[in-house]
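Colleague: Read left to right, the sequence shown gives residues 1075 to 1692 (this note's numbering). One structure is given below, represented as structure tokens, and several questions about it will come after.
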Amino acid sequence: MSWAAMRNPPQAAYFTKNHRAARGREPFFISPGAQVYCKTMAETSDIYEKVMDVARRRGFVWPSSEIYGSVAGFIDYGPLGAMLKRNIENLWRTFYVFQEGYYEIECPTVGAEAIFIASGHVKEFADKMVQCPHCGEYLRADHIVEDSGIANAGALSTEELQRALHELPCPVCEEPLGDAGVFAFNLMFETTIGPGSQRKGYLRPETAQGIFTDFPRLLRFYRDKLPFGAVQIGKSYRNEISPRQGMIRLREFTQAEAEIFVHPEGKDNHPAFYRYADYTVPLLTIGRQQDGQEPLSATMRAAVDDGVIVNEYIAYYVALTHQILVAIGVDPGRLRFRQHLPDERAHYAVDCWDAEVHSDRFGWVEIVGIADRTDYDLRSHAGHSGDSMTVFIPYDEPKLVGRRRIVADMGVLGPRFRGRAKAIAEALATSNPGEDGARVTVDGEEYFIPADLYKIQEGEEEIRGEEVMPHVIEPSYGVDRMIYVALEHSYAEDEVDGEIRRVLRLPAAVAPVQVAVFPLMNRDSLDEIAQEIARKLTRHRILVQYDDSGAIGRRYRRQDEIGTPYAITVDYDTLEDNTVTIRDRDSTEQVRVLMGRLHQIIPDLIRGDITFAELRRV
């Protein structure tokens, strides 16, 4: 995701009231055991609270360094959360590494200052901050202004923000901010490299720059041919001023990014566009945002042909992203792709679309950014490093091209200009002389070179190809945000036997536990058979949890709450006919199958090769 896009959130007009109110609430993690809000779980209707209650109790996510009071913007993934995270990352790899064929690399999370000077982060990667003169709290100036009803405050100048803040109250102490100054706060974590070293470094704010600086080696790896891509999943860091949105805004977070290098003239010719040409996606275009309209559902072919999406590459990854998000459990009815408005789009991007998912508390949340970054990054790194960032593209057949050479008469030029003669001759070679002579500039000084001091030689030269600086298409995924929306959208409640059943309807492909195995009783060898089933399924690389604690109904409820899609129960009929029951999480229905078929049936269910309803009919 482009850092510029990340720093410019969608207009306030497209956020719900709950989203804006949430900025003034406490972070979702406070002190251990503290009650964030007054209502109990049974009384509240806030899905966020219910989801985070499950996440904490069942080992998905909890506060980092909780015994020391925690710090906002940092989280720990517990046993189930870490597994859910890995499964989502691996599903992402299924698309980008296996389907698209882009190899994965891994770069350091600490980079030398020169990298981020070239990328623009040192100069521009900042939020506008204000300090309350009464309570001393540091606050995001644009957030305060947005909450007052002014849309897209992130695009306002420092002076405009200052004027807007003058009469507004501090959201912490409610005293007027008055003449409190607005200033830029760079969001990168700064460090030094080496003991006593003056060499400055930064924790990376995005994974993309490592791929860009590796471009020359990646080009050789891909045999000097376009298009090609590289992907990376890893930690990034942003020293957020006041992260108050739980997993939505963290100071340490995981990104999954792809950088696809394409010929500048080949962006309307994706080699596999047919795969998604007829794929329909809800598109909230610039015009529809400005007119207050709902998204337009369009196929990717129609979107490109009608100029809604700028090229096939962007359209392709919009559709692929939609497919991935639905696969991890995002409700398609609460998913849209919003085009960046002109005043929020990064200056180097010709088009950018955000995959936004609707959250009960936070409104429309950006999960993925898909941008055409042009050649900005490669050109910048080439200029600062002096290394080539181009690709030689051979012609089908050599071309004869007229060449004009301007050759200086050094016998005259040398004595006349002495130490500057060589530089003047080089500048002359690329000049456009008039009839009387040529004007050149060397070290800021202009010289007129009469026509009798050089010769113009005309001729032809055989050209076999050209050096091209690729453009970059970047789909960038916020993994932590993906995890949160997957949890929220999968959360459901129903009533079973007079009790509320809380269930995470996570897709089997990403569920942290894919199947649970229960003995009906811990005797009569039922437990031994169940344990052997668990061992065999584990050997087939299925994520299994053996559970023999408590009544069978309670065990089902525990597994439902952590999202386990299937449960196998060994009962006394097993001893008679070698069959077991498989229970479906979502329907709670059960079917008996031969124990010896489990190693075939369970993988088929997880992959989606067979549905549970189809299994019942077998």
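We put the CB at the ideal spot given by N, CA and C, even for glycine.
Measuring only the C-alpha atoms, how far is Glu1536 from Val1465?
Modeller: Approximately 19 Å between the Cα atoms of the pair.
Colleague: For the alpha helix (DSSP H) containing Ser1564, list its first residue and its last residue.
Modeller: Residues 1553-1564.
Colleague: At a cut of 8 Å, does the stretch 1426-1443 reach the stretch 1551-1562 through at least three beta carbon pairs?
Modeller: Cβ pair count under 8 Å is three or more, so yes.
Colleague: Can you give me the C-alpha to C-alpha distance between Gly1133 and Pro1153, rounded to a whole angstrom?
Modeller: The straight-line gap from Cα to Cα measures roughly 6 Å.
Colleague: Please say whether Leu1300 and His1344 have beta carbons closer to each other than 8 Å?
Modeller: Contact flag unset, no.
Colleague: If we count the other Cβ atoms within 10 Å of its Cβ and call it buried at 16 or more, is Ile1675 buried or exposed?
Modeller: Counting Cβ neighbours within 10 Å, Ile1675 comes out buried, since at least 16 surround it.
Colleague: Ala1393 and Met1374 - do their beta-carbons sit closer together than 8 Å?
Modeller: For Met1374 and Ala1393, yes; Cβs fall inside 8 Å.
Colleague: If we call anything under 8 Å between Cβ atoms a contact, is Ile1334 one with Gly1284?
Modeller: Not in contact: Ile1334 and Gly1284 (Cβ atoms no closer than 8 Å).
Colleague: If distances are taken between C-alpha atoms only, which option among Gln1306, Arg1312, Leu1251, Glu1280 comes closest to Asn1260?
Modeller: Selected option, being the one with the closest Cα: Arg1312.
Colleague: Over the uninterrupted alpha helix (DSSP H) stretch that includes His1695, give me the two end residues.
Modeller: Any answer about residue 1695 is impossible in this case: the structure gives the chain only from 1075 up to 1692.
Colleague: Which term fits Ala1389, buried or exposed, when burial requires 16 or more other beta carbons within 10 angstroms of its beta carbon?
Modeller: The residue is buried, with at least 16 neighbouring Cβ atoms inside 10 Å.
Colleague: Answer with buried or exposed for Ala1108, where buried requires no fewer than 16 other C-beta atoms within 10 angstroms of its C-beta.
Modeller: In this prediction, Ala1108 scores a pLDDT of 31, lower than 50, which makes its location untrustworthy; the coordinate-derived value is nonetheless stated afterwards. So Ala1108 counts as exposed.
Colleague: Is Gly1275 closer than 8 Å to Val1184 when the C-beta atoms are compared?
Modeller: Yes, these two residues count as a Cβ contact at 8 Å.
Colleague: Considering Cα atoms alone, identify which of Gly1366, Glu1331, Ala1376, Asp1342 is closest to Asp1352.
Modeller: If we check each option's Cα against that of Asp1352, Ala1376 comes out closest.
Colleague: Rounding to the nearest angstrom, what Cα-Cα distance links Gln1319 and Phe1436 in this structure?
Modeller: Rounded to the nearest angstrom, the two C-alpha atoms are 8 Å apart.
Colleague: Which residues in the same chain have their Cβ closer than 7 Å to the Cβ of Gly1682, if we skip the five residues on either side of it in sequence?
Modeller: Excluding sequence neighbours, Gly1682 sits near nothing in its chain.
Colleague: Figure out for me which residue from Phe1491, Ile1530, Pro1544 has the closest Cα to the Cα of Glu1519.
Modeller: Cα-wise, what sits closest to Glu1519 is Phe1491.
Colleague: For Asp1449, I'd like the list of residues in its chain whose CB is within less than 6 Å of its CB, leaving aside the five on either flank, ordered along the chain.
Modeller: Around Asp1449: Met1543, His1545.
Colleague: Does DSSP classify Phe1134 as helix, strand or coil?
Modeller: Here Phe1134 sits in coil by DSSP.
Colleague: Which residues in the same chain as Cys1112 place their Cβ atom closer than 6 Å to its Cβ, once the five residues preceding and following it in sequence are excluded?
Modeller: A caution first: Cys1112 carries a pLDDT of 35, below 50, which makes its placement in the model unreliable, though a value can still be read off. Excluding sequence neighbours, Cys1112 sits near nothing in its chain.
Colleague: Is there contact here, the stretch 1583-1596 with the stretch 1454-1461, by at least three beta-carbon pairs under 8 Å?
Modeller: They do not touch, by the three-pair rule.
Colleague: Keeping to the same chain, check which residues put their C-beta closer than 8 Å to that of Ala1560; ignore five residues upstream and five downstream.
Modeller: So the qualifying residues of the chain are Leu1158, Ile1162, Ile1402, Gly1403, Val1404, Leu1580, Val1584.
Colleague: Three-state secondary structure (DSSP) at Met1203?
Modeller: It is a strand residue.
Colleague: Would you call Met1080 buried or exposed, if buried means 16 or more other Cβ atoms sit within 10 Å of its Cβ?
Modeller: Residue confidence for Met1080 is low, a pLDDT of 37 falling below 50, so the modelled location carries little weight and cannot support an answer.
Colleague: Taking the C-alpha atoms as reference points, what is the distance between Arg1690 and Arg1657?
Modeller: Those two C-alpha atoms are separated by around 11 Å.
Colleague: Would you give the residue range spanned by the beta strand (DSSP E) that Gln1619 belongs to?
Modeller: Here the beta strand (DSSP E) through Gln1619 covers 1618-1620.
Colleague: Rounded to whole angstroms, how far is the Cβ of Thr1685 from the Cβ of Arg1659, which I believe are closer than 8 Å?
Modeller: Between Arg1659 and Thr1685 the Cβ distance is about 13 Å, and since that is not below 8 Å, they are no contact.
Colleague: Note down the Cα distance separating Ala1087 from Phe1190, rounded to an integer number of angstroms.
Modeller: Bear in mind that the predicted position of Ala1087 carries a pLDDT of just 31, short of 50, making it unreliable; the figure below should be weighed with that in mind. Approximately 33 Å between the Cα atoms of the pair.
Colleague: Is there a Cβ from chain D that is less than 8 Å from the Cβ of Pro1338?
Modeller: The chain inventory of the structure shown lacks chain D, comprising one protein chain alone.
Colleague: Hey, Val1246 and Glu1211 are a contact pair by Cβ (cut 8 Å); roughly how many whole angstroms apart?
Modeller: With 8 Å as the limit, Val1246 and Glu1211 qualify as a contact, their Cβ atoms being about 5 Å apart.
Colleague: Is Asn1652 buried or exposed, if buried means 16 or more other CB atoms sit within 10 Å of its CB?
Modeller: Exposed, since its Cβ has fewer than 16 Cβ neighbours within 10 Å.
Colleague: Mapping the DSSP letters down to three states, classify Arg1453 as helix, strand or coil.
Modeller: In the structure shown, Arg1453 sits in a helix (DSSP, three-state: H, G or I).
Colleague: Under 6 Å Cβ to Cβ from Glu1180, same chain only, skipping five residues before and after it: list those, please.
Modeller: Excluding positions up to five away in sequence, the list is empty.
Colleague: If you follow the beta strand (DSSP E) that Val1382 is part of, which residue opens it and which one closes it?
Modeller: Premise fails: Val1382 is in no beta strand (DSSP E) and is neither H nor E.
Colleague: Using DSSP bridges, identify the partner residues of Asp1120.
Modeller: Partner(s): none; Asp1120 has no beta bridge.
Colleague: What's the C-alpha gap between Arg1666 and Val1654?
Modeller: For Arg1666 and Val1654, the distance between alpha carbons rounds to 5 Å.
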